[in-house]
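Read in the UniProt record's numbering, the sequence shown has 73 at position 73, and its numbers run on one by one without any break. Comments concern the structure below.
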Amino acid sequence: MNESIILEGEGVRLVPLEQHHAEELYEAGCYKEIWTYLPIVVNSLDDMRSWIEAALSRKKQGFEYPFAVLNKETNVCIGSTRFMNMDLQNKGLEIGWTWYTPALWRSRVNTECKYLLLQYAFEQLQLIRVQLKADTRNERSNQAIARLGAVREGILRQDRVLPDGYIRNAYIYSILDKEWPEVKQRLEQYLERIVQNESN
């Protein structure tokens, strides 16, 4: 996979995650509610640096491709997302580790990021399957994934042990290459409606 993937939309720019993003990401991510359903908790700048280091290690091994998400207008980091569980031989990967600063929850940011990631996966990498997962308790994330048009395939039981000791179950979703044109149209229409509403 290309070492320098940059994905650019109307309001966001996804750039390869690097250590120099740590301070801005810590500022964006220093809200306890972000980490409720994620496998780690970031309580300090050192935690964020360690999290980035782990992501870059997985990238070097070829398992993941992490991004910093920037607000195009301010060029400031507002969150992160990544390609993970990459299996390019079998033409599949997962989009995950997605989080944004809470002020942008339920904004266009997540939809635009997912649009850019899915477009790259299906149209540049020529994949046949993209999957997503979410803690079954995380209603906000599950609603957001369903709104994309992803198909819920089932539950991964006792999928992961979280930092507080809770053993989570996760819903697993997928979008297939043959479904992408319809999903793409749905996302473009949704983003267009948001732009129209913002201009009114």
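Using N, Cα and C, we set each Cβ at its ideal position, and we do this for glycine too.
Within the UniProt domain "N-acetyltransferase" (13-150), the runs of beta strand (DSSP E) that reach at least 3 residues and sit entirely inside it are, in chain order, 65-71, 76-87, 92-100, 129-135. Take A28, set aside five residues on each side of it, and the residues of its chain with a beta-carbon closer than 7 Å to its own are C77, I78, G79, T101, in chain order.
DSSP places I155 in the strand class (E or B) of the three-state scheme. Secondary structure at L191: helix, using DSSP grouped into helix, strand and coil.
L125 and Q196 have their C-alpha atoms some 31 Å from each other. Take the alpha-carbon of L117 and the one of R82: they are about 9 Å apart. Considering only M84, T74, V15, E33, the residue with the shortest C-alpha distance to R129 is M84. In summary, P66 is buried, with 16 or more beta-carbon neighbours lying within 10 Å of its beta-carbon over all protein chains present. Using a 10 angstroms sphere on the CB of Y31, the tally of other CB atoms stays under 16, which defines it as exposed.
By a beta-carbon distance limit of 8 Å, A144 contacts N110. Their separation comes to about 6 Å.
For the options L56, L88, V69, Y173, the alpha carbon positioned closest to that of G149 is the one of Y173. Classified as exposed, A103 has fewer than 16 neighbouring CB atoms from the shown chains inside 10 Å of its CB.
Here E10 carries a coil assignment [DSSP, helix/strand/coil]. Scanning its chain for C-beta atoms nearer than 7 Å, with the 5 sequence neighbours on each side dropped, one finds around D159 the residues R168, N169, A170, in chain order. Here T74 is exposed, its C-beta having fewer than 16 other C-beta atoms within 10 Å. Annotated as distal: R106 and R157, with beta-carbon spacing of 9 Å or more. Setting aside the 5 residues that flank it on each side, M48 is surrounded in the same chain by A22, L25, Y26, V42, each with a C-beta closer than 6 Å to its C-beta; the list follows chain order. Shown here for S4: same chain residues with a beta carbon closer than 8 Å to its own, the five before and five after excluded, namely P16 in chain order.
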